[in-house]
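One point on numbering: in the working numbering, the residue at position 62 of the sequence shown is 927, and numbering is uninterrupted.
Encoded as structure tokens, the structure appears first; notes follow it.
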Amino acid sequence: MNEPIFLSETTSTNDYLFSIGEKEPFFAVVAERQTRGKGSKGRTFLSPVGGLYLSVVAPKDEALFPILTPLAAVAVKRAVWDSFGIDLGIKWVNDLMIDRGNGYKKVCGILTETRTAEKVVTVIGIGVNVFRAQEGYEGLETIVGYLSEEKPDKMILQSLAKKIVEELKKVFSAPDEGMQEYARSSILEGKTVRYQNPRTKGDYFVRGIDERGRLILETDGETIVVDDGEVTAWQKS
Ligand code: BTN
């Protein structure tokens, strides 16, 4: 397998992959730092040294397309378990969370983007707070977590990136199993959450996640199944 290309800095690894044109599935790039990291919903993704910023060309398989992000979350969960022995929970839809006994904190976010120029290219972007960042997260300690107390180490980033790409290949070849693991890993199940999308906003009970990665919510005896929007707050215990 080709190793991910390693850059010390780029604007956004997703944009880097789009800029270099057509590449084969699983072609991957890693940066030690991004100057314009992108989060979901048009947000900025802080990307200081200490994190792994990885983008991977997605396979061209239409059946996988709606579940690329949840399957990528499972791949990251497996890779982190294998490399660090840490069992991450998944917060629907694209966040991986660590709990060291003082509440869940975000350690990874995933942004899947598609661009159509001459060809359709889909890129899966994964940002993991591997080491405690030296700068950038002041005041965010209660919501941002990290995997290791050690000093940032390029070899560890390279090896985690390689492992994630291997796990992406595995999970995309057994997606049903991957989606079951995604649902089992949800930290929201059985909790009350604040949910909003362009059509609705309110407090809901989370019944679970279906086989397509959609959130099943209940309120006043009514069930809704959603694949957009976001959970902004949730019952922590
Ligand atoms: C989110 O949490 O909202 C998604 C964050 C996705 C961040 C990753 S880092 C690698 C890739 N490049 C980017 O600019 N964004 C994604």
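Built from N, CA and C at the ideal position, the CB exists for glycine as well.
Assuming residue i contacts residue j (C-beta within less than 8 Å), just tell me the rounded distance between them.
i	j	result
Asn967	Ala938	That pair is no contact at about 23 Å.
Arg898	Glu874	5 Å
Cys973	Val1009	No, Cys973 and Val1009 are not in contact; Cβ-Cβ is about 11 Å, not under 8 Å.
Gly1067	Ala998	At roughly 35 Å, the Cβ-Cβ gap does not stay under 8 Å, so Gly1067 and Ala998 are not in contact.
Lys903	Phe910	6 Å
Asn816	Tyr969	In the structure as shown, the chain begins at 866 and stops at 1102. Residue 816 is therefore absent and cannot be evaluated.
Val895	Thr878	7 Å
Val1036	Ile989	Not really, about 11 Å apart at Cβ, beyond 8 Å.
Asp947	Lys1028	6 Å
Can you tell me where the beta strand (DSSP E) holding residue i begins and where it ends?
i	result
Arg943	No beta strand (DSSP E) holds Arg943; the alpha helix (DSSP H) holding it covers 933-949.
Leu961	960-964
Glu868	Run containing Glu868: none; DSSP gives neither H nor E here.
For the alpha helix (DSSP H) containing residue i, name the first residue and the last one.
i	result
Arg1072	Per DSSP, Arg1072 belongs to no alpha helix (DSSP H); it is in the beta strand (DSSP E), 1065-1074.
Run the CB neighbour count on residue i, radius 10 Å, all protein chains shown included, and call it buried at 16 or more, exposed below.
i	result
Met1020	exposed
Asn1062	exposed
Thr979	exposed
Arg943	buried
Glu983	exposed
Ile955	buried
Ile885	exposed
Ala923	buried
Asp1075	exposed
Ala1026	buried
Glu1032	buried
Ser1038	exposed
Val985	exposed
message = Is it the case that the stretch 1051-1058 contacts the stretch 1067-1081, given that we only count it when at least three CB pairs across the two stretches are under 8 Å?
response = yes
query: Which residue spans inside the stretch 870-940 form an unbroken alpha helix (DSSP H) run of at least 4?
result: Fully enclosed alpha helix (DSSP H) runs of 4 or longer: 878-884.
At which residue ranges does the stretch 981-1064 contain complete beta strand (DSSP E) runs of 3 or more residues, listed in the order of the chain? 985-994, 1057-1062
Practice prompt. Evaluate contact between the stretch 1035-1051 and the stretch 1085-1094, counting only Cβ atoms and requiring at least three cross-stretch pairs below 8 Å.
Written response: no
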